[in-house]
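Read through the structure below, which is laid out as structure tokens, and then see the notes.
Residue numbers (our numbering): 73 to 481.
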């Protein structure tokens, strides 16, 4: 893969897909250390996904896989209520505020752990996992925690983010020794770095040093009101790359969610490197709606990849598409940079590309544009992974245990 031989070439969904395919081929050839791949199980896996879709979306009106789904958990449109109660001056300012909210919330969206819960004051409902993290981060946003301007609370800016303390974030998440949240210090450090990076990059984050000004950077890439999904991701990877902690730096470029595996292929300095950019791609999916509401059309959605996280990855393990060579490894915690986790995530990306056409075929959808991967994930693979996990393990735990620092899963 000579086209992915430089550091910057790894900052793309195409590189994610290419390296994932290389590891899937190694798996099909029986060369991986930790996993066996059975493509014959993809059919039953697709059947399980279609069952989930038909139950949740009988009209097949599936939304994008995005953070906005979590903001409306419990049937309450939190963002819509905020916009109605406190209208923004113009569509661009509303888009910047939406970007501020979703960037911070997605960066806080690594796994919460099995026991953490959040009680929402406005409804009295209690939420866990991704939904709990979303509602908690929304409440923190509305409270003005991420803004340094008291008269303008519904935003995030560098000064507030850089000075955010672990105690403030713990309070916002209602985290305590009896309600532990995984990776709290890592989450705090990530938002602190976001603030520092925003302050140091006025080209990306604008004169107010806000994540929301990434909207302006993306809008500048539009032609005739259209912007490619790849360009959305490129803006995010370019300007958010330096926030990631202690990862691989090549040619002075932070590679973010990129890890090593000896069978990943490649040439030159990128040989053996496997990019995923999971949170960045999750963020790209989550920015589609604010961009559309601001009048832009995002094209080429399937240029982005499926998300290599534990619900999608768990789906393939729980349906038998993947199996551990040594089943006892399921009982051990694994570091995010371990060869086992890199293999699992790469196989997940490549297998989602093979699963999506089978799902469309079973639903009678011939045009992939009618059900892009962004909707297959939502409809979909993520929900089916969660459904199967709940039926198989206490608390719906994933089939593998990851020692997370709060910045990857």
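Where a beta carbon is used, it is the ideal one built from N, C-alpha and C, also for glycine. If you're wondering where the values come from, they're calculated on a predicted model, not measured in any experiment.
Rounded C-alpha distance that separates residue i from residue j
| i | j | result |
| --- | --- | --- |
| residue 379 | residue 93 | 14 Å |
| residue 329 | residue 131 | 36 Å |
| residue 225 | residue 446 | 31 Å |
| residue 544 | residue 232 | Since the displayed the chain opens at 73 and closes at 481, residue 544 lies outside it and no answer follows. |
| residue 184 | residue 474 | 12 Å |
| residue 438 | residue 218 | 44 Å |
| residue 114 | residue 427 | 7 Å |
| residue 302 | residue 250 | 43 Å |
| residue 95 | residue 419 | 7 Å |
| residue 188 | residue 450 | 23 Å |
| residue 104 | residue 331 | 16 Å |
| residue 340 | residue 377 | 24 Å |
| residue 398 | residue 108 | 10 Å |
| residue 145 | residue 204 | 9 Å |
| residue 176 | residue 133 | 28 Å |
| residue 429 | residue 362 | 28 Å |
| residue 248 | residue 433 | 47 Å |
| residue 78 | residue 193 | 49 Å |
| residue 136 | residue 468 | 23 Å |
| residue 82 | residue 242 | 34 Å |
| residue 119 | residue 465 | 21 Å |
| residue 323 | residue 463 | 46 Å |
| residue 293 | residue 163 | 18 Å |
| residue 415 | residue 319 | 18 Å |
| residue 102 | residue 343 | 21 Å |
| residue 349 | residue 381 | 11 Å |
Closest by C-alpha distance to residue i, when choosing among the options
| i | options | result |
| --- | --- | --- |
| residue 384 | 121, 107, 86 | 121 |
| residue 333 | 203, 340, 345, 327 | 345 |
| residue 296 | 461, 368, 319 | 368 |
| residue 422 | 170, 472, 336, 134 | 336 |
| residue 424 | 386, 212, 242 | 386 |
| residue 408 | 402, 417, 248 | 417 |
| residue 454 | 142, 84, 264 | 142 |
| residue 431 | 308, 126, 338, 320 | 126 |
| residue 366 | 170, 152, 138 | 170 |
| residue 168 | 360, 194, 461 | 360 |
| residue 312 | 283, 321, 472, 471 | 283 |
| residue 158 | 101, 84, 223, 273 | 223 |
| residue 238 | 381, 259, 456, 220 | 259 |
| residue 253 | 459, 326, 470, 186 | 186 |
| residue 402 | 470, 234, 306, 195 | 470 |
| residue 405 | 110, 476, 234, 306 | 476 |
| residue 27 | 111, 100, 216 | Here the chain has residues from 73 to 481 only, and residue 27 is not among them. |
Reduced DSSP category for residue i - H, G, I as helix; E, B as strand; rest coil
| i | result |
| --- | --- |
| residue 405 | strand |
| residue 173 | helix |
| residue 192 | coil |
| residue 417 | helix |
| residue 342 | helix |
| residue 371 | strand |
| residue 332 | strand |
| residue 260 | helix |
| residue 81 | helix |
| residue 380 | coil |
| residue 358 | helix |
| residue 399 | helix |
| residue 499 | In the structure as shown, the chain begins at 73 and stops at 481. Residue 499 is therefore absent and cannot be evaluated. |
| residue 475 | strand |
| residue 522 | Nothing in the structure corresponds to residue 522, since the chain is present only between 73 and 481. |
| residue 323 | coil |
| residue 394 | strand |
Within 7 Å, strictly: CB atoms of residue i and residue j
| i | j | result |
| --- | --- | --- |
| residue 389 | residue 106 | no |
| residue 245 | residue 208 | yes |
| residue 76 | residue 98 | no |
| residue 117 | residue 370 | no |
| residue 347 | residue 87 | yes |
| residue 150 | residue 210 | yes |
| residue 300 | residue 374 | no |
| residue 139 | residue 174 | yes |
| residue 270 | residue 261 | no |
| residue 178 | residue 355 | yes |
| residue 255 | residue 206 | no |
| residue 308 | residue 358 | no |
| residue 172 | residue 230 | no |
| residue 236 | residue 263 | yes |
| residue 265 | residue 315 | yes |
| residue 124 | residue 456 | yes |
| residue 327 | residue 85 | no |
Residue-level contact to chain B via CB, residue i, 7 Å cutoff
| i | result |
| --- | --- |
| residue 288 | Among the chains in the structure shown there is no chain B, since it carries only a single protein chain. |
Check your understanding: Residue ranges of each beta strand (DSSP E) run of no fewer than 3 residues wholly in the segment 264-315, ordered along the chain?
Key -> 298-300
Point to revise | Entirely enclosed alpha helix (DSSP H) segments - the segment 104-179, minimum 4 residues | key: 114-128, 139-143, 150-157, 163-179
Point to revise | Complete alpha helix (DSSP H) runs within the segment 411-461 (minimum length 4 residues, chain order) | key: 411-435, 445-448
**Study point:** Complete alpha helix (DSSP H) runs within the segment 197-243 (minimum length 4 residues, chain order)
**Key:** 201-214, 230-235
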